Each structure stands twice: as C-alpha cells, then as structure tokens.
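Protein chains: 2
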Amino acid sequence: MAALISVEHLLRGDRRTVARAISLIENGSSGADEILSAIYPHTGKAYRIGITGPPGAGKSTLTNKLAQWYRKQNIRIGIIAVDPTSPFTGGALLGDRVRMTDVELDSGVFIRSMASRGSLGGLSKKTREAADVLDAGGMDIILLETVGVGQSELDIAGAADTTVVVLVPESGDGIQAMKAGLMEIADFFVLNKADRPGADQAVMSIKMILGFRPHDAISWMPDVLKTVATEGKGIQEIGDLIARHRLHLQQTGSLMIRRRKRMKDRIEEIVQDQLKIEFWSAERSQQLLREIDAVMNFQRTPYQVAKELLNTL
Amino acid sequence: MAALISVEHLLRGDRRTVARAISLIENGSSGADEILSAIYPHTGKAYRIGITGPPGAGKSTLTNKLAQWYRKQNIRIGIIAVDPTSPFTGGALLGDRVRMTDVELDSGVFIRSMASRGSLGGLSKKTREAADVLDAGGMDIILLETVGVGQSELDIAGAADTTVVVLVPESGDGIQAMKAGLMEIADFFVLNKADRPGADQAVMSIKMILGFRPHDAISWMPDVLKTVATEGKGIQEIGDLIARHRLHLQQTGSLMIRRRKRMKDRIEEIVQDQLKIEFWSAERSQQLLREIDAVMNFQRTPYQVAKELLNTL
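Chains as they are written, first to last, in the numbering used here: chain X, 89 to 401; chain Y, 89 to 401.
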C-alpha cells in the first residue's frame with residue numbers, strides 16, 4: 089500500500105496524496121510509519137491551533153470562519169475535525185461534506201474529519217500524525233477541532249501550539265468548565281453565541297476563576313473573547329490573539345519547550361503502542377482467554393494471571 | 089503501608105478501612121495490588137451501575153436521590169463519583185462534603201469522590217478497583233457517577249453492569265448525544281429536568297435515534313425515562329428499570345458475558361500498565377531525553393528513536 093503514496097507528491101501538497109496518507113494513518117495501516125518517517129524532516133513549519141469545547145458550542149462554525157479569515161490573507165489552512173463516531177453508521181456524523189458548504193473548495197484549504205470510534209486512546213497520536221502530513225504538505229496553519237470533555241481535550245492540547253477553548257453562555261457557571269478540566273489547557277477562551285442572555289455573566293465567571301490561577305507578570309494570562317461565529321463577529325479578534333500568543337511563545341522560548349515536551353510524549357506513545365502489539369501475541373492472548381474462567385470462578389485473581397503473562401516475557 | 093490495612097476489617101465493611109484502601113488505590117500505592125488480590129474472592133456480589141452524561145445534567149442529584157431510594161429498602165449503597173480535577177486547587181471541586189448534605193451519614197452508605205487529574209487513562213482501572221473494595225466491603229449496589237463525553241464514558245461502561253445516560257432538554261438535538269458516543273453505552277436514557285421546555289421533543293429525538301440502532305425482538309431495547317431529580321420525580325422508575333435490566337442480563341446470560349469481557353479488559357490493562365512501568369527504566373528514560381534534541385533538529389525521526397529504544401528490550 090505504502091508504495092502507492094509518493095512522498096514527493098505529498099511534499100508538493102497534492103491533495104489526493106495528502107488524503108491517502110491520512111487514510112493510511114487513520115486505518116493504522118502498516119505503511120503509515122514509513123511515510124511519516126520520510127516526511128518528518130519537512131514538518132515543523134506549520135502552526136497548530138487546537139479548538140475544543142463542549143458539544144453545541146459552535147466549534148465547527150467558528151473553525152470554518154477562522155479558516156475563511158486566514159484564507160483572505162492567503163494563508164494555507166489545514167483542518168482536522170475529530171468527530172466521535174456514531175456507533176450506528178460507523179462513520180463520522182458530520183463529515184467532510186457538511187463542512188465544505190462553508191469553506192469553499194479551494195486549493196489553499198484541506199479539510200479532513202477523523203473518527204474516534206473505540207480508539208480515543210490512540211487519537212492524539214493519529215491527530216498529530218495527520219497534522220504532520222498537512223504540515224509537510226505545505227499548510228501554514230493547522231486547525232485541530234474536537235469535542236472536549238475528558239481525554240479528548242488533553243489530546244488536542246497535546247497536539248497544538250495554541251489551544252482555544254470555546255464555551256457558550258449555557259456552558260454554565262464556570263465551575264462546570266473547571267470540572268471538565270478545560271481551564272487547564274486553555275491558552276485563551278472564546279465565549280461564543282455571545283448575543284445570548286447571560287454572556288457577560290459567563291465571561292465574568294470565567295475571568296474570576298482565571299484570577300485564581302497561579303500566574304506572574306511575565307507569563308501568559310488567558311483572556312476571554314466574545315464571539316458570534318455564525319455572524320462572523322469576533323473572528324478577527326481570535327486570529328489576532330492567536331498571533332499574539334504565538335509571538336509570546338516564540339519570544340519566551342516556550343514554543344520550543346512545548347514542542348519538545350510533545351515530542352517526548354509522542355515517542356513514548358509510539359514505544360508503548362509497539363510494546364502492546366508485540367506483547368499480545370496469539371499465544372499470550374489465548375493464554376489470557378484460557379485463564380479467565382478460573383478468574384471468574386474466583387480460583388485465581390486477575391493479578392496472578394497478569395503476573396504469569398508478564399513472566400512469559 | 090499495606091500492613092496498616094486489615095483485610096478482615098475491610099470485609100466486615102469497616103468504613104475507615106474501606107476509605108484507606110481506596111486511598112491506596114487512588115494514589116497508586118504499592119500495597120494496593122496486594123489488598124486487591126486478597127479481597128478479590130469476596131467480590132462479585134454487588135451490582136454496579138454507571139451514571140454518566142454531560143456536565144450540568146444533574147447526575148449528582150440523581151445519584152443521591154437514587155441512593156436514598158435504595159436506602160429506604162435497606163439496600164447498602166456505595167457511591168464513587170469521578171470528578172475531573174480542578175488544576176488550581178489540586179483536588180476534586182465538588183468533594184464528599186457537598187454530597188453528604190443530601191445523603192445523610194448512614195452506615196449503609198459509603199460515598200467517595202475520586203479525582204481524575206492527568207490520569208484519565210488509568211481511571212477505569214482505579215474505578216473498578218475502588219468498586220471491588222466497596223463490593224468486598226458488603227455494599228449491595230455501587231453507583232459509579234462521572235461526566236461523560238469522550239473516554240470517561242467508556243471507562244464507566246467498562247466498569248458497570250448497567251449504564252444509565254442522563255441528558256437534559258438542552259443537551260440538544262440528540263445528534264450531539266450521538267456524536268458524543270453516549271448512545272453506544274446507554275442501557276437506558278434518563279431525560280432529567282423534564283419540567284423544562286423541549287423535554288418531550290428531546291425524548292422523541294432520542295427515541296428516533298434509538299430506532300436506527302440495530303436490534304432484534306429478544307435483545308434489550310434502551311428506553312428513555314423522564315425525571316425531575318431535584319423533586320424526586322421519576323427516581324422509582326429508574327430503580328425499577330435498573331432492576332428490569334439486571335433481570336434481563338441474568339436471564340439471557342449477558343451479565344456473565346459482560347463481566348467476562350470486563351475481566352479480560354482488566355487483566356490486559358494490568359499487564360500493559362506493568363509493561364510500561366518496567367520498560368521505562370531510568371536508563372531508557374535518559375536515553376529518550378538525550379535523543380530528543382536530535383529529533384527536534386530533524387537529524388533523526390521519532391520512529392527511529394522509538395525503534396532503538398524498543399531494541400534495548
């Protein structure tokens with residue numbers, strides 16, 4: 089399969105080749121690592137922006153408007169939308185087609201949905217790798233969009249240079265947002281649908297909570313922007329604040345530190361995935377299946393069985 | 089540390105001992121596995137119910153009311169509430185104290201919050217283990233409550249016999265719920281805050297989506313219940329439906345199949361955690377740190393470094 093993908097074409101930004109490479113990654117095909125190794129030296133130029141928040145916050149609309157704003161400046165945009173998959177259709181519910189109506193087909197935009205069915209754990213790895221493909225393919229900015237409560241928001245933060253958390257007035261009292269761990273990863277907040285009642289109150293409560301966050305004079309202080317994405321209101325402000333955050337990261341050296349940390353996590357993840365694959369040989373998987381009955385009958389404990397399996401190494 | 093925990097006391101349901109054992113698990117202390125092995129033969133009696141849904145759906149209130157309902161029937165209840173942790177306070181935001189005001193201190197109820205800070209991956213393991221402690225400690229029913237979007241809902245489904253997904257009219261058009269993957273794990277739905285506008289519409293759209301789900305005449309068909317948890321409305325109906333689902337699982341043999349599958353996942357998880365711990369020796373961690381600069385300078389690829397690390401095995 090890998091032979092079908094021309095690295096040369098990919099580096100020229102050929103859309104079909106880029107799409108095919110991402111499919112290989114998404115499917116966990118064997119050729120993926122080879123391609124990723126080949127393109128790796130050509131990555132690192134694109135700036136990666138994570139956009140996350142609760143369901144219904146308007147992330148897709150906001151992502152599309154932001155992409156349009158960048159396009160007007162002739163900046164090449166890649167979008168990776170991580171859609172938790174429907175268990176019934178087996179595919180992402182809001183696929184590429186829906187998105188295409190907003191951001192027109194334009195050779196400077198590449199949009200891709202990735203499904204997360206049953207493999208949320210591996211999603212950060214795949215998202216990063218798909219971003220690498222877009223990066224090597226010549227995109228200047230990569231927008232990574234996902235629903236964020238729980239693990240997925242950490243995945244996004246682990247793949248992005250700047251992370252934007254989108255909330256709405258209904259997202260509640262800010263405490264819920266804190267509970268969801270979104271505070272931890274936000275480089276700044278966007279309060280979308282800010283024409284709805286309760287917007288100013290929501291902004292205030294987010295700011296109050298941010299005030300508790302330990303910070304000093306020189307470090308970056310997350311702000312809250314109000315937007316109405318459907319009307320394009322506040323999009324330029326988001327673009328400007330991203331640019332300001334990027335500059336901050338570059339000037340303080342934080343960008344390199346963040347990327348270095350991400351690389352460490354990434355290598356660890358590659359190693360651990362491979363360890364898992366190598367460990368669970370057909371033989372060991374069968375040994376596990378044989379032993380489960382004894383565990384279910386309380387003749388053995390799961391810890392004993394795990395230890396025996398580990399001893400076969 | 090482990091010596092301080094008397095398995096005998098734990099099996100008698102001594103509250104302090106139970107609390108201490110769960111703390112050991114939560115902190116990942118070394119003595120935890122020993123205790124879990126010792127109590128394992130005394131588990132399997134409690135019925136485990138997962139309660140999940142988006143932030144603000146009223147899960148805590150509903151859990152407390154359901155616990156009160158069980159208590160009236162003299163059923164012993166354990167509650168494990170998984171709170172994503174605040175990054176600022178370092179502890180669960182809504183801790184045991186808040187919860188205690190509703191369900192009174194009563195020797196038949198044991199309530200415990202577990203924080204998920206930075207370790208969402210390991211949460212399913214810890215939740216299951218804490219449930220084992222409550223099970224061995226003599227609880228009849230264990231309620232596992234967590235915010236569910238992304239990985240955490242899969243964790244809950246992986247630890248529970250029956251999984252209840254709580255939504256509210258504002259949870260939106262049902263499509264968002266499907267997107268969030270909640271449909272996949274729900275044994276039934278609760279539409280809480282059903283006195284709010286849009287409740288009937290929300291119920292209808294959930295039912296419509298459920299209609300698409302492949303099912304046959306004998307298999308369980310998830311239903312939707314309406315509740316107003318703050319007023320105690322619909323709580324009995326939840327309790328009854330849980331009982332009906334439990335009976336269904338027992339009569340069809342599905343309970344054993346579910347528990348067997350869970351045990352398989354659990355043993356795999358124990359093995360993989362241990363593999364990871366054993367692999368990342370001080371030496372290998374340092375090798376990784378040494379190599380990162382070369383990767384950042386594009387002299388090497390992350391895949392090469394990962395491969396070399398794996399070759400040291």
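Cβ atoms here follow ideal geometry from the backbone N, Cα and C, with glycine treated the same way.
This one's a predicted model, so the numbers in the text were calculated from it and none came from an experiment.
- Taking a contact as a CB-CB distance under 8 Å, the pair V254/Y and V278/Y counts as one, their CB atoms being some 5 Å apart.
- Rounded to whole angstroms, the separation of the alpha carbons of E217/X and G116/X is 11 Å.
- Taking a contact as a CB-CB distance under 8 Å, the pair I163/Y and I230/Y does not count as one, their CB atoms being some 11 Å apart.
- In the structure shown, the three-state DSSP call for A109/Y is helix.
- By the C-beta criterion, the stretch 355-372 of chain Y is judged not to be in contact with the stretch 101-109 of chain X, since fewer than 3 inter-stretch pairs fall below 8 Å.
- For the 8 Å CB-CB criterion, E233/Y and A274/Y do not form a contact.
- For the stretch 110-155 of chain Y, the full-length alpha helix (DSSP H) segments reaching 4 residues or more read 120-127 along the chain.
- C-alpha of A224/X to C-alpha of I244/X: approximately 19 Å in a straight line.
- Listed in chain order, the non-local C-beta contacts of I110/X below 6 Å within the same chain comprise R200, A218, V221, local neighbours out to five positions each way being set aside.
- Apart from sequence neighbours up to five positions away, the residues of its chain that approach H333/X with a beta-carbon distance below 6 Å are T250, D275, ordered along the chain.
- At a cut-off of 8 Å, the C-beta of A394/X has a neighbouring C-beta in chain Y.
- Residue state for K321/X is assigned as strand, using DSSP reduced to three classes.
- Against Q360/Y, the close residues of chain X are K364, in the order they occur along the chain (beta-carbon pairs closer than 7 Å).
- Non-local beta-carbon contacts of A134/X in its own chain, meaning distances under 8 Å to residues more than five positions away in sequence, involve G166, A219, L222, D223, M227, D228, I229, I230 in chain order.
- Distance between E356/Y and M271/Y, taken at the CA atoms: about 25 Å.
- With the rule of 3 Cβ pairs closer than 8 Å, the stretch 136-147 of chain Y does not count as touching the stretch 380-393 of chain X.
- For a cut-off of 8 Å, the C-beta gap from M384/X to M202/Y is around 26 Å, too long to register as a contact.
- Residue contact check for S125/X against chain Y: a CB pair falls below 8 Å.
- When DSSP states are grouped into helix, strand and coil, R284/Y belongs to the coil group.
- Only H130, T131, G132, P142, P143, G144 from the stretch 130-152 of chain Y bring a Cβ to less than 9 Å from some Cβ of chain X.
- In chain order, R348, M351, K352, I355 make up the part of chain Y whose C-beta sits under 9 Å from the C-beta of I380/X.
- Contact of P390/Y with chain X by beta-carbon distance below 9 Å involves L124, S125, Y128, M351, R354, I355, I358.
- Annotation: M296/Y to K147/Y spans about 24 Å, alpha carbon to alpha carbon.
- Using a Cβ-Cβ cut-off of 8 Å, F276/Y does not count as an interface residue toward chain X, since no Cβ of chain X sits closer than that to its own.
- Counted as a single uninterrupted DSSP element, the alpha helix (DSSP H) harbouring V393/X occupies residues 390-399.
- Chain-order list of chain Y residues neighbouring M309/X: empty, with the shortest C-beta distance near 14 Å, by a criterion of under 8 Å.
- Bounds of any alpha helix (DSSP H) do not take in L279/X; it lies within the beta strand (DSSP E) bounded by 276-279.
- Nearest CB-CB separation between M384/Y and chain X: below the 8 Å threshold.
- It is roughly 50 Å from the alpha-carbon of E258/Y to the alpha-carbon of E371/X.
- Of the residues A120/Y, W308/Y, R388/Y, the one whose Cα lies closest to the Cα of T340/Y is W308/Y.
- For L255/Y, the enclosing beta strand (DSSP E) has its first and last residue at 250-255.
- Distance between A107/Y and A145/X, taken at the CA atoms: about 39 Å.
- Residue pairing for S201/Y: DSSP places it in a beta bridge opposite A169/Y.
- Exclusion of the five residues before and after L313/Y leaves F276, F277, V278, L279, G322, E325, I326, L329 as the residues of its chain whose Cβ lies within less than 8 Å of its Cβ.
- In the displayed model, I229/Y falls within a strand according to three-state DSSP.
- When secondary structure is reduced to three states using DSSP, T234/Y falls in the strand class.
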